[in-house]
Amino acid sequence: MAGRTAARRDLLISLLIVAAAVVGFPSVSASSAVFPIYGNVYPHGVYYVAMNIGNPPKPYFLDIDTGSDLSWIQCDAPCVRCSKGPHPWYEPKRNTLLACSDHLCAALHSGGAYDQKCDQCDYDIHYEDRGSSLGVLVADAFALRLTNTTVARPILAFGCGYNQQFARQNPQAATDGVLGLGTGKVSVPSQLSNQGVTKNVFGHCLSEKGGGFLFFGSDLVPSSRMTWAPMSQVASGNYYSPGMANLYWGTQSLGVKQMDVVLDTGSTFSYFGSQSYKAFLSAVKSDLSKKPLKEFNDPALPVCWKGPKSFKSLTDVKNYFKPLALSFVNGKRVLFEIPPENYLILTKDGNVCLGILNGTEAGLDNLNVIGDISLQDVMVVYDNEKHQIGWVRAACKGQAKSQTSLP
Ligand SMILES: *[C@@H]1O[C@H](CO)[C@@H](O)[C@H](O)[C@H]1NC(C)=O
Ligand SMILES: *[C@@H]1O[C@H](CO)[C@@H](O)[C@H](O)[C@H]1NC(C)=O
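All the letters of the sequence shown, read from the start, carry residue numbers -30 to -1, 1 to 377 under mature numbering (1 follows the signal peptide of the UniProt record, and there is no 0).
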């Protein structure tokens, strides 16, 4: 999840700067593209896709983030501060730089001052976890295998990030950058739709066993069984939100006043605001007071328990915990269920920990963030055309296999 500040900075980049307009992709009727997802909640803490970018195309692993708009890749421009990623850094060419006069540069800087006659479109993005990336916008070809087997190569704008700050010490990062899936104009689904490649609809299915799939376009959206809520605005930013919800522990209301909820795949865990976190924690603790689970300091997470013997799987513990439910009050009342396996982590030492954390401690104020842990084995669809968000329980492993080979 990003703080999304885009600021003009003086650059150290040793490129000759030439204005490069985004080449429009020939207009095609909308189709869909599917990408396999890799990674997991624990221990990796990230879900990512492999994208082939550039000419000739090279693979990059990108962290899928519904909580921010701008995609970026670690970049040899040259790099001031990059981590060793899974692939060599992206190498920008002079003709891939995005002009300051480009509407996407303007969109990125909306709200802030920037010079339309500047040489290059700089960005500086800050995330809630205090990580950041600074660089320059480029536009290059992304390879997408469409559902009808045609390979599309739209030219999409993204950041060439040559100065990163990492929230965690990660000498060997799992990814080369971020895939921005937010609601803004510069996000990948917005750009794909703008160029007529796919509709401005995308979805993800993160598997509890690791992996899953991401899709652009509406071909894979189930025509029935989905629960839909209207997309809602959240004061604190451009996030995907199904609106305000009331919180239930089993069938019992936790009496929390309506909470703002956002869905954010860029967050490994979920976060509750102070009121909901407190209510949730005391409900869990009061239920467990009669059970053979002892609170225990596991270094993995802030709140953990030890059993009579170490747990082998979440199946061993989930009967001690009730499901949570968010009841959205916008439009029709709809439920988003969070069963124990979507808020508990089994650590490598066989203890069990809460994967819903104190958002106030993380600096999120009263925003309630539904992160990867609570999105596992749910297909979530973000329909930016009909302005609605949908979800349905699904086995996300091994689905959409026929379409998941990389172009
Ligand atoms: C596949 O779909 C794209 C976009 O709709 C279209 O341009 C292309 O011609 C189609 N290819 C085939 C083989 O039908
Ligand atoms: C959550 O964090 C805030 C800020 O650190 C703290 O004041 C509050 O007591 C915490 N809530 C609980 C229930 O631990």
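Positions of the beta carbon are idealized from the N, C-alpha and C atoms, including for glycine. These numbers come from a predicted model, not from an experiment.
Per DSSP, P159 lies in no beta strand (DSSP E) segment; the continuous alpha helix (DSSP H) that holds it begins and ends at 158 to 164. Going by C-alpha positions, Q165 is about 18 Å away from D189. CA-to-CA, the gap between T153 and V171 works out to about 11 Å. For L258, the closest of N289, Q245, A76 by C-alpha to C-alpha distance is N289. For L78, the enclosing alpha helix (DSSP H) stretches over residues 73 to 78. Contact between the region 128 to 138 and the region 35 to 53 is present: three or more C-beta pairs spanning the two stretches fall below 8 Å.
For V121 and P29, the gap between their C-alpha atoms comes out near 15 Å.
Remark: the C-beta of E331 is in contact range of ligand 2, defined as less than 6 Å to any heavy atom. Taking the Cα positions, S344 is about 23 Å away from F266. Between I34 and L184 the beta-carbon gap is near 6 Å, inside 8 Å, which marks them as a contact. Below 8 Å, too few C-beta pairs join the region 156 to 163 and the region 331 to 343 to call them touching: fewer than three. At a Cβ-Cβ threshold of 7 Å, P293 and P272 do not count as neighbours.
Beta-bridge annotation (DSSP): F183 is paired with P6, C175. Beta-bridge analysis with DSSP links W275 to E265, V322. For S206 and F136, the gap between their C-alpha atoms comes out near 23 Å.
Sixteen is the threshold: since fewer than 16 other Cβ atoms of the shown chains lie within 10 Å of the Cβ of T119, the residue is exposed. Residue state for D353 is assigned as strand, using DSSP reduced to three classes.
In the structure shown, E331 adopts coil according to DSSP, grouped into three states. Between G55 and D146, the CB-CB gap stays under 7 Å. Shortest gap from the CB of L251 to any heavy atom of ligand 2: under 6 Å. In this chain, the alpha helix (DSSP H) harbouring Q245 covers 244 to 258. Collapsing the DSSP output to three states places N118 in coil.
In this structure, I315 keeps its C-beta atom at 7 Å or more from the C-beta atom of G182. Within a 10 Å sphere around the beta-carbon of H79 sit 16 or more other beta-carbons, which makes this residue buried. Residue pairing from DSSP places A127 in a beta bridge opposite A109.
Taking the Cα positions, L296 is about 43 Å away from P27. For F298, the CB contacts under 6 Å within the same chain, skipping 5 residues up- and downstream, are A199, P212, G213, A215, V304 in chain order.
Here S102 has H96, Q135 as same chain residues with Cβ atoms under 6 Å from its own Cβ, once five neighbours each way along the sequence are excluded. N289 carries a helical assignment under DSSP once its states are collapsed to helix, strand and coil.
The Cβ neighbour count for T285, taken over all protein chains shown within 10 Å, is under 16; the residue is labelled exposed.
Put simply, of L263, Y60, Q90 the residue whose alpha carbon is nearest the alpha carbon of A69 is Q90.
Remark: the shortest separation between the CB of K248 and any heavy atom of ligand 2 falls under 6 Å. Between ligand 2 and N65, a heavy atom-to-CB distance of less than 6 Å is absent.
Listed in chain order, the non-local C-beta contacts of Y247 below 6 Å within the same chain comprise N328, local neighbours out to five positions each way being set aside. With respect to A127, L74 sits close: the two C-beta atoms are nearer than 7 Å. Within its own chain, the residues whose Cβ lies closer than 7 Å to the Cβ of H357, once the five positions on either side in sequence are excluded, are P200, M201, listed in chain order.
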